[in-house]
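Reviewing the structure listed below.
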Ligand code: HEM
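Residue numbers (our numbering): 1018 to 1127.
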């Protein structure tokens, strides 16, 4: 009986450890003095095309989506990187702002 409980305890621990290890982690923050300060016009060049990084602004904060699986080439569900997508994210996307926690903040809008 005791042996069976230990086996189950071990199985549960393995599942919990695997879940924790595989959970997406927030990226390391960019130091404050290295953050970009961009105008909306300057942000446009970070469109994810032809090898350029893909950045999007949400509520004045600039996030890096360059290596996000669903943002290949700076495009995602009809949206393009290099823009302020606050309204789209909050009012048209199924996920809303919860996806932001996994993105690296690279700057702020001027
Ligand atoms: C019309 C608007 C949008 C729609 C319909 C949409 C839809 C989706 C869907 C269905 C996924 C899950 C795809 C998958 O995992 O297979 C996804 C993921 C994602 N979306 Fe959007 N999205 C929209 C706008 C945005 C905007 C404006 C952002 C800006 C930050 C964004 C950021 C993300 C990110 C980062 C992921 C990956 C989440 C993760 O795997 O951690 N999306 N989106």
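By construction, the Cβ of each residue, glycine as well, lies at the ideal position given by its N, Cα and C atoms.
Which of helix, strand or coil DSSP assigns to residue i
| i | result |
| --- | --- |
| residue 1050 | helix |
| residue 1124 | strand |
| residue 1071 | strand |
| residue 1043 | coil |
| residue 1110 | coil |
| residue 1085 | coil |
Residues that DSSP places opposite residue i in a beta bridge
| i | result |
| --- | --- |
| residue 1096 | 1093 |
| residue 1064 | 1071 |
| residue 1055 | 1126 |
| residue 1079 | 1074, 1124 |
| residue 1101 | 1074 |
Alpha-carbon spacing of residue i relative to residue j, whole angstroms
| i | j | result |
| --- | --- | --- |
| residue 1019 | residue 1037 | 27 Å |
| residue 1103 | residue 1076 | 6 Å |
| residue 1065 | residue 1121 | 15 Å |
| residue 1108 | residue 1114 | 10 Å |
| residue 1083 | residue 1027 | 39 Å |
| residue 1079 | residue 1124 | 5 Å |
| residue 1101 | residue 1032 | 40 Å |
| residue 1074 | residue 1053 | 12 Å |
| residue 1111 | residue 1051 | 32 Å |
| residue 1048 | residue 1022 | 48 Å |
| residue 1035 | residue 1089 | 28 Å |
| residue 1118 | residue 1025 | 34 Å |
| residue 1056 | residue 1062 | 11 Å |
| residue 1085 | residue 1030 | 30 Å |
Residue i at chain D interface by Cβ criterion, 7 Å
| i | result |
| --- | --- |
| residue 1101 | This model lacks chain D altogether, as it is built from one protein chain only. |
(request) Using the beta-carbon of each residue, find all residues closer than 7 Å to any heavy atom of the ligand HEM and list them in chain order. (result) My final list is 1041, 1073, 1075, 1080, 1082, 1085, 1086, 1087, 1088, 1093, 1094, 1095, 1096, 1102, 1105, 1106, 1109, 1110, 1111, 1112, 1116, 1117, 1119, 1120.
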